[in-house]
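Down below is the structure, laid out as structure tokens.
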Amino acid sequence: MRVRIARGKRIYEGILMPGVTDHLVIKLDNGYNIGLKRDKVEILASWEEKGVNRPPDEKPGYDPSLPDLVILSTGGTIACRVDYRTGAVTSQFTADEILKAIPELKEIANFEAEVVYNILSENMRASYWIELARKTFDKIKKGADGIVITHGTDTLGFTAAALAFMVRTPVPIVLVGSQRSADRPSSDSTMNACCAAKVATSDIAEVVCVMHGSTSDDFCLIHRGVKVRKMHTSRRDAFRSINANPIGRVSYPDLRIEICGPHLKPGDVEPALYDGLEQRCALVKYYPGADPEILDFYREKGYRGIVIEGTGLGHTSKLWFDPIKRLVDEGVVVVMTSQCLYGRVCDRVYDTGRDLLKLGVIEGEDMLPEVALIKLMWVLNREDDPEKVSQLMKTNLVGEITDSTDIFGGF
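Be aware that the sequence shown starts at 0, since it is given in numbering that gives the first Met the number 0, and climbs by one per residue.
Below you can see the structure in the form of structure tokens.
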């Protein structure tokens, strides 16, 4: 809705942003927003374009020539705007409001929108991932041509990995977020959302992440869900594929998809839901002088799996050897990854690594530490036999492990 309002002697005109608070938020024609207290302004006029008449059995705005996509909103910055009462960015948009805020989406597909959560992504947890996987698979079974999941960027990689292990999909499942809230002139939300929606209409039949590929508004990259990580706190091109090349890119504003690497297509796998995660798993970062008692803590708490983020090729101090042995002896699965991120764990080069292998530590190959954690949670939910668990952790299941890592490892 467009409004013209007065505050004192000043007149403002622009688009009334959705939301019910004690402030009116108006997007001005110059791209900036203002927030004004409702009891301090007078609305002089408001208007909106009348909708086109449609048959009574047809959804408003429905175009039968376009694919049918589902937006599942979980919150995050892409669903945020500034709260002009506090000056902070808060999660306030619903899925329907995202569609209203980004009208370009309606040119790409027909959308069904649903809010699953409305949280900042640091509040994600395993039970939420399981519910999201079930919701996603249900929408696929009901005929969605693609799924777009809006998500906070900070833990987007964890959720992407969880969905990749739990959902085998014949259609694209695309996670997207933004580094800047939708009401900021420098927001990346519109471009990211449009590129993600376009990818959701493609033949990519797996879980991917679509985000800015550069600091300019020129293209987005398509990252495999188990190979992506947020590598910068605030840049719009914060996301990178680690130890792998991106699947492709989407140019903007023409939304042309260019595939750069292999990907699963419809028919490559049977649609299936393998929901469930063992929550008694932990990710532990080793650092010089780190107290090994943290491992005994998890053992005494009954944890079933530990992923260690070791140094270099996958090492810890020898002081950690006895606690690791106690874990393994009691049936706790210990997986070694590297805090270097790029490259591959190889515990056969130095004596320390060879000793860790003798203790029963499983090499995490070139998996990201957080992906190894999610995979271990998924495997332990399905398997108790230590040998089978070890075999599954070293087997590429959904693209999380590459056969060989390039000397530069994508660096």
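In this text, a Cβ means the ideal position worked out from N, Cα and C, and glycines have one as well.
Pro368 and Thr336 - do their beta-carbons sit closer together than 9 Å? yes
With Val166 and Ala132 assumed to form a contact (beta carbons below 8 Å), what rounded beta-carbon distance in angstroms separates them? 5 Å
In the DSSP assignment, what residue or residues form a beta bridge with Gly419? Given that the chain is displayed from residue 0 to residue 410, the structure contains no residue 419 and the question cannot be resolved.
Test item: CB-CB of Val334 and Glu299 under 9 Å: no
Using a Cβ-Cβ cutoff of less than 6 Å, which residues in the same chain neighbour Tyr61 once the five nearest sequence positions on both sides are dropped? Asn109
Exposed or buried, what is Gly142 when buried is set at 16 or more other beta-carbons lying within 10 Å of its beta-carbon? exposed
Give the range of the alpha helix (DSSP H) segment to which Asn191 is assigned. 188-198
Leaving out five residues before and five after Val51 in sequence, what residues of the same chain have Cβ atoms less than 7 Å from its Cβ? The predicted model places Val51 with a pLDDT of 37, which falls under 50 and marks its position as unreliable; any figure quoted below should be read in that light. There are no such residues.
In this structure, what does DSSP give as the bridge partners for Lys138? Partner(s): none; Lys138 has no beta bridge.
Beta carbon of Leu294 nearer than 9 Å to that of Val283: yes
Are Leu358 and Gly304 close, meaning C-beta to C-beta below 9 Å? no
Could you check whether Thr168 and Ile139 sit closer than 9 Å to each other, using their CB atoms as the reference points? yes
My guess is that Met366 and Ile323 are in contact by the Cβ rule of under 8 Å, so how many angstroms apart are they, rounded? 19 Å between Cβ atoms; not a contact.
Does the stretch 241-251 touch the stretch 209-226, meaning 3 or more C-beta pairs lie closer than 8 Å? yes
In its own chain, which residues sit with a C-beta less than 7 Å from the C-beta of Ser186, not counting the 5 before and 5 after it? Ser177, Arg179, Ser180
Counting Cβ pairs closer than 8 Å, one from the stretch 119-126 and one from the stretch 256-273, do we hit at least three? no
What is the DSSP secondary structure of Asn32, counted as helix, strand or coil? strand
What's the C-alpha gap between Lys49 and Leu71? Unreliable positioning characterises Lys49 in this predicted model, as indicated by a pLDDT of 45, which lies under 50. The coordinate reading is nonetheless provided below. If you take the alpha carbons of Lys49 and Leu71, they lie about 28 Å apart.
Roughly how many angstroms lie between the CA atoms of Tyr302 and Val360, to the nearest whole one? 16 Å
Quick one: is Ile421 buried, meaning 16 or more other Cβ sit within 10 Å of its Cβ, or exposed? Nothing can be reported for residue 421: it is not among the residues displayed for the chain, which extend from 0 to 410.
List the residues that DSSP assigns as beta-bridge partners of Tyr11. Ile4
Taking the alpha carbon of Ala112 as the point to measure from, which residue in Ile118, Gly145, Glu130 has its own alpha carbon closest? Gly145
Applying the criterion that 16 or more other CB atoms from any shown protein chain within 10 Å of the CB defines a buried residue, is Met190 buried or exposed? buried
Looking at the unbroken beta strand (DSSP E) that takes in Asp67, where does it start and where does it end? 67-74
Hey, would you say the C-beta of Tyr297 is under 8 Å away from at least one heavy atom of the ligand FAD? Although the ligand FAD was asked about, the structure shown includes no ligands whatsoever.
Cβ of Met392 within 9 Å of Cβ of Leu375? yes
Outcome for His231 when other beta-carbon atoms lying within 10 angstroms are tallied against a minimum of 16: exposed
Note down, in chain order, each residue of its chain lying with its Cβ closer than 7 Å to the Cβ of Ser201, except the 5 sequence neighbours on either side. Pro171, Ile256
Can you grab the Cα-Cα spacing for the pair Asp153 / Glu121, in whole Å? 7 Å
Collapsed DSSP secondary structure at Ser250 in the structure displayed: strand
Measuring straight from C-alpha to C-alpha, what distance separates Thr310 and Pro287? 9 Å
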